[in-house]
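In my numbering, the protein residues as written are 1493 to 1690.
Even glycine gets a Cβ: it sits at the ideal position worked out from N, Cα and C.
Input: a single structure, listed below in structure tokens.
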């Protein structure tokens, strides 16, 4: 028996080693898909979104971006959006984008809908036309604005104030085409014009 003992001991150690390695083997935990709530978030995100034709549609940044699992929407806190107007210049290089007119839009929160075409700008919203002469500048102050970036339309059922170079207009609600700068105000409308100083 003493002659077979080393072989039995070696066989026992091999079996014990195999059992231990199987017992210690644990597959890596996988991330389970959540059905509600935020399933991932980004801090200080900056993104450029392109339309289906490959032209820059808008740049967006904020303090925190969360993806909502229940409806495939993104929520962006302290949102700032640079909405490019539709242009014949299709280039999306930084130099070409700097030459284009755009709307600088700020909101307390932006909800990017599942279709990625519509954005719900929540809370106080400020939109300023940039890349134009000072006398062509327009600033819109509103609340809870719905924006369609491809159609470049915006609307709100809340009071709005529109400031121009020498005028101001207030109304109960509005619809606007940002690319043509056509603004339709509804409800009670109050306009004020101040002539430029000589």
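What does a CB cutoff of less than 6 Å around residue i pick up in its chain, not counting 5 residues either side in sequence?
i	result
residue 1598	1572 and 1618
residue 1551	1540 and 1574
residue 1658	1686 and 1688
residue 1534	1557
residue 1653	1633 and 1662
residue 1567	1558 and 1603
residue 1676	1667
Cutting at 7 Å between CB atoms, please list the residues of its own chain near residue i, excluding the five before and the five after it.
i	result
residue 1565	1603, 1604, 1605 and 1606
residue 1623	1592, 1593 and 1594
residue 1649	1665
From what residue to what residue does the beta strand (DSSP E) around residue i run?
i	result
residue 1652	1652–1655
residue 1668	1665–1669
residue 1630	Careful: residue 1630 lies outside any beta strand (DSSP E) and carries neither H nor E.
residue 1615	1610–1622
residue 1551	1548–1553
residue 1559	1556–1560
residue 1676	1674–1678
residue 1682	1682–1685
residue 1645	1645–1648
Is the beta carbon of residue i sitting closer than 8 Å to the one on residue j?
i	j	result
residue 1671	residue 1577	yes
residue 1673	residue 1642	no
residue 1661	residue 1679	no
residue 1628	residue 1669	no
residue 1600	residue 1612	no
With 16 other CB atoms within 10 Å as the buried threshold, where does residue i fall?
i	result
residue 1666	buried
residue 1554	buried
residue 1681	exposed
residue 1538	exposed
residue 1639	buried
Within the same chain, show all residues whose beta-carbon is closer than 8 Å to that of residue i, passing over the 5 residues directly before and after it, in chain order.
i	result
residue 1549	1541, 1542, 1543, 1575, 1576, 1641 and 1642
residue 1614	1599, 1600, 1601, 1602, 1603 and 1636
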